[in-house]
Amino acid sequence: MPEISAPKKFIQVGCGGFGGYWVSSVMPRLIDELKLAQAVAVADINPQTFPNAMAKYHLPPEKCYTDARRAFAGNRADFAIVVVPPAVHETMVNLALEHDLHILSEKP
């Protein structure tokens with residue numbers, strides 16, 4: 056059987072609305088069952104989204120940011136998941152690119 060590499064680390068920007076769906080339904084299987092991904096931080100302007108992200112992504116409170124810039128600056132990751140409204144989508148994608156991250160994104 057081929058050797059599985061270490062889980063890819065990610066930062067998710069946007070944890071409410073469609074982002075909440077990613078937190079609750081899309082990523083847990085990749086994290087818990089398949090061991091292919093590991094969350095290192097999340098960012099959302101609404102901190103009420105953090106308890107769900109902390110539970111599903113096994114994150115401590117200090118890895119939840121209301122400022123995406125701080126999330127990217129303070130954490131090393133392999134890719135970013137960007138699930139934000141169209142008005143800020145380009146800004147968040149560009150921010151992830153500035154940190155040389157691959158991007159997995161909901162379309163605007």
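Just so we're aligned, residue 56 is where the sequence shown starts under the working numbering, counting upward by one.
Where is the CB? At the ideal position from N, CA and C, for every residue including glycine.
In the pairwise beta carbon analysis, the segment 86-106 is classified as not touching the segment 154-163: fewer than three pairs are separated by under 8 Å. Beta-carbon to beta-carbon, A132 and V68 are separated by about 11 Å, too far to satisfy the 8 Å threshold. DSSP, reduced to helix, strand and coil, places K64 within a strand of the structure shown.
When DSSP states are grouped into helix, strand and coil, I100 belongs to the coil group. A Cβ-Cβ contact shorter than 9 Å links K111 with P83. Going by beta carbons, A98 and I66 fall inside the 9 Å limit. Put simply, the backbone Cα of C70 is about 15 Å away from that of P115. In its chain, beyond the 5 residues on either side, C119 have a beta carbon closer than 6 Å to the beta carbon of F105.
Counting the other CB atoms within 10 Å of its CB gives A142 a total below 16, which places it among the exposed residues.
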